[in-house]
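Data block below; observations after.
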Amino acid sequence: MAKIKLSEKKIQELKDVCKTFNNDKGELINVLHKAQSLFGYLPAEIQEVIAKELNVSVAHVYGVVTFYSFFTMQPKGIHPVSICLGTACYVRGAEKVLEEFKRQLKIQVGETTPDGKFSLSCLRCVGACGLAPVVMVGEKVFGRVAPDGVADIIAEYNT
22 MAKIKLSEKK IQELKDVCKT FNNDKGELIN VLHKAQSLFG YLPAEIQEVI AKELNVSVAH
82 VYGVVTFYSF FTMQPKGIHP VSICLGTACY VRGAEKVLEE FKRQLKIQVG ETTPDGKFSL
142 SCLRCVGACG LAPVVMVGEK VFGRVAPDGV ADIIAEYNT
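Just so you know, we're using my numbering here: the sequence shown kicks off at 22 and counts up by one.
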């Protein structure tokens, strides 16, 4: 993976985020949330600055980032598509819906389309089991999605 180069301005913004939490290592998750909302993702360079500011190891920061599925080390698309693969959704055909998204977007899970519009991920449960199979695009929930409905969902965001 290519390294990114953070500008001095971005490094200062990140340091300011850490300061708002008093550089307290107990606030690591809050700092990571704020940093991800600022940058869109958490590449190694951002994790290194946070580790230094909170006086924790980079390995510790990396461990937290990789443990929680909310955090990502890859940039997400403008419209992040998440397919629920929890039990109810899986039993009702979510895997076929996922395959159709992969086919139409021409990307794999964890990837972003070359134009940066869409990224694809899987979730374990969104708590909408009665609507299974469920797809989320950003914060919007689509229920009872069938493979033949994937094109319409993509078209709604592909303007």
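We put the beta carbon where it would ideally sit given N, CA and C, even for glycine.
Open item on the list: With three or more beta-carbon pairs closer than 8 Å as the criterion, would you say the region 99 to 110 touches the region 46 to 62?
Closed with: no
Task: the region 75 to 89 touching the region 121 to 134, judged by at least three CB pairs closer than 8 Å - done: no
Task: Cβ neighbours of LYS30 in the same chain (closer than 7 Å, five flanking residues each side left out) - done: none
Open item on the list: Quick check: the region 104 to 119 against the region 141 to 156, are at least 3 beta-carbon pairs closer than 8 Å?
Closed with: yes
Open item on the list: So, with DSSP's three-state summary, where would you put THR133?
Closed with: strand
Open item on the list: Between the alpha carbons of GLY131 and LYS161, how many angstroms are there, rounded?
Closed with: About 19 Å.
Open item on the list: Would you say LYS97 lies against chain B (beta-carbon separation less than 8 Å)?
Closed with: The question asks about chain B, but that chain is absent: this structure has only one protein chain.
Task: Proximity below 8 Å, CB of GLY182 to CB of LYS138 - done: In this structure the chain extends from 22 to 180, so residue 182 is not present and cannot be described.
Task: DSSP beta-bridge partners of VAL155 - done: Paired residue(s): none; VAL155 is not in a bridge.
Open item on the list: My output table needs one value for PRO101: the three-state DSSP class, helix, strand or coil.
Closed with: It is a strand residue.
Open item on the list: Mapping the DSSP letters down to three states, classify LYS127 as helix, strand or coil.
Closed with: It is coil, neither helix nor strand.
TODO: State yes or no: is the C-beta of ILE25 within less than 8 Å of the C-beta of GLU74?
DONE: no
Task: Spatially closest choice to LEU141 from GLY148, VAL118, LEU152, by CA coordinates - done: VAL118
Open item on the list: Helix, strand or coil, according to DSSP, for SER58 in the structure here?
Closed with: helix
Task: Residues sharing a beta bridge with CYS146, DSSP - done: Paired residues: none, contrary to the question.
Task: Per-residue DSSP class, three states only, for LYS26 - done: coil
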